[in-house]
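In what follows, a structure is listed as structure tokens, so that the remarks can point back to it.
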Amino acid sequence: MPPVGRRRSRDDRIGLSASQLASPQLPSCTRSWLLTTTILLVLMVLSASASSSPPRPRPFSVLKRNPTYAPLSTSHLSAFSTLSDLNEILDFTNPSSALSKLLVPRAVGSTNLTTLQTYLVDFFTDLGWHVEQDRFTAKTPIGEKRFNNLIMTHDPEATRRFVFAAHLDSKYFPTHPEDQFIGATDSAAPCAMLMDLAKSLTPWLELRKKRILAQGGEEGRSTQAETLQIIFFDGEEAFVDWTDEDSIYGAKHLAKQWSKPSTRPSAIENVPRTEMQRISHFVLLDLLGALNPYCRTFYGPTGWLYDEFANVETKLGQAGILWPGHQGKAYTKVAMAQEEGNPMKSFFMPRSTFGIMGKVEDDHIPFLEAGVPVVHMISVPFPTVWHTMLDNVDALHLPTIKAWALIIRLVTVEYLGLDPEGGTTTVKGRKREVNVEDKAKRRNELYSKHDR
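As numbered in my numbering, residues 202 to 653 make up the sequence shown, in order.
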């Protein structure tokens with residue numbers, strides 16, 4: 202009897218694979234055109250890389266930058282670096298850490314997954330966040346299953362949401378020992394990074410919220426354009442083969458629900474008509490936590506935000522925060538080295554036309570199709586341990602996980618305009634006072650012009 206489940210191949214999820222380009226079904230003229238086009242694109246990329254003076258050119262980062270994105274001032278970096286202890290959540294060598302608790306088999310419907318969902322609900326409730334549970338049932342190739350997406354929002358009254366997401370479930374296998382598959386990079390480590398993000402930034406999020414409310418009471422709340430929202434998807438993994446039907450169950454359900462007009466009353470003016478329209482940007486983390494990740498941008502319109510991840514990596518590295526003991530030119534020299542095994546090698550492929558070819562199917566697809574701006578932060582090629590029993594604690598690299606957490610923290614701080622004082626920002630290296638209400642009002646006006 203054939204096995205119920207088959208590990209999906211990487212080509213099932215990645216577009217424009219080598220096998221597709223070399224497909225014998227294609228006419229010879231088409232294959233020649235594709236081969237010629239691919240070679241020309243590669244040569245263009247290599248030529249651009251050789252002729253550019255910066256080691257990591259990002260040609261569109263200024264042109265497509267979000268006008269409301271404000272880098273954190275250098276004077277605030279020290280406060281940022283001490284927001285919370287990275288080890289508390291991320292140190293998988295400590296059995297009491299959050300990541301250690303996540304490193305168990307957690308297939309859809311399992312007791313382990315239900316226990317972890319309760320753990321996350323309690324964790325975010327203790328932080329004072331608003332918690333939603335999106336429970337539903339769906340048919341799968343192995344029968345009807347129950348699913349539960351978790352949606353955590355710092356300030357549910359805020360008009361817009363900057364969303365980070367990861368999937369909590371691990372791959373289902375029908376037989377032993379594969380049924381003990383953990384999925385350390387897929388995606389226990391990304392989930393732990395999002396827990397760290399919430400815990401570390403809650404004080405700064407609360408500070409900004411209190412300052413805005415103090416300025417105008419409930420009216421002041423309406424000017425708080427954006428908040429941080431974190432989603433833990435259920436049912437990302439296929440039960441048998443990765444197809445449109447057998448995959449991303451939780452993401453498809455939530456996207457469908459959020460595309461319906463909202464019936465909730467609100468005292469805030471100009472609230473988008475659907476929950477989907479409240480998402481300003483959607484960042485999905487997947488297959489992260491191993492040594493030497495290499496990510497790229499798949500979508501041109503959000504290339505500026507992808508660039509900010511890379512810029513933040515450089516900023517933290519040169520400040521000696523990302524990799525303690527290496528800073529300034531010493532960090533830059535090591536970070537630009539491309540040797541495998543060098544932990545400080547940049548996590549990000551420079552942006553180029555070749556870099557945005559293809560896609561990887563994942564939880565972001567239903568949101569992308571609904572018009573949400575997406576950044577898909579996934580290591581490509583996939584980690585060598587992908588969907589094997591080796592994707593366990595031994596696949597993780599703690600310094601890399603900590604570096605990811607710091608990068609994600611700072612991108613969020615800068616995107617939402619947070620700082621330890623609640624109302625200052627930096628423009629071209631100069632600190633200036635900012636009226637929080639005016640800044641939020643400008644952001645609301647910007648979004649209302651481009652409402653989907």
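C-beta atoms are modelled at their ideal positions from N, C-alpha and C, and glycine is treated no differently.
- A contact between stretches requires three or more CB pairs, one per stretch, nearer than 8 Å, and the region 438-447 fails this requirement with the region 534-546.
- Counted as a single uninterrupted DSSP element, the beta strand (DSSP E) harbouring N349 occupies residues G344 to T354.
- Less than 8 Å divides the Cβ of H277 from the Cβ of P621.
- The beta carbon of A385 sits closer than 7 Å to those of L304, G490, D592, N593, V594, A596 and L597, all from its chain and outside the five residues before and after it, given in chain order.
- The region 477-496 and the region 359-371 touch, with three or more beta-carbon pairs separated by less than 8 Å.
- Boundaries for R610: no beta strand (DSSP E) harbours it, while the alpha helix (DSSP H) harbouring it runs L599 to L617, taken from the DSSP string.
- Within the DSSP secondary-structure output, H368 pairs in a beta bridge with F434.
- Excluding residues up to 5 positions away in sequence, F548 and S580 lie with their Cβ nearer than 6 Å to the Cβ of P494 in the same chain.
- Taking a C-beta distance under 8 Å as the contact criterion, D435 and V309 qualify as a contact pair.
- Here DSSP, grouped into helix, strand and coil, assigns I480 to strand.
- Residue burial annotation: A415 is exposed, with fewer than 16 other C-beta atoms found within 10 angstroms of its C-beta.
- T341 has G344 as its beta-bridge partners, per DSSP.
- Contact between T338 and R347 holds: their C-beta atoms lie close to 5 Å from each other, under 8 Å.
- Inside the region 516-552, DSSP marks whole alpha helix (DSSP H) runs of 4 or more residues at positions 529-537, from first to last along the chain.
- Each of T315, E333, L398 and T312 was checked against the Cα of V614, and the nearest Cα belongs to L398.
- The beta carbons of S282 and I522 sit closer together than 8 Å.
- Taking a C-beta distance under 8 Å as the contact criterion, L291 and S285 do not qualify as a contact pair.
- Going by DSSP, I383 is part of no alpha helix (DSSP H) at all; its letter is neither H nor E.
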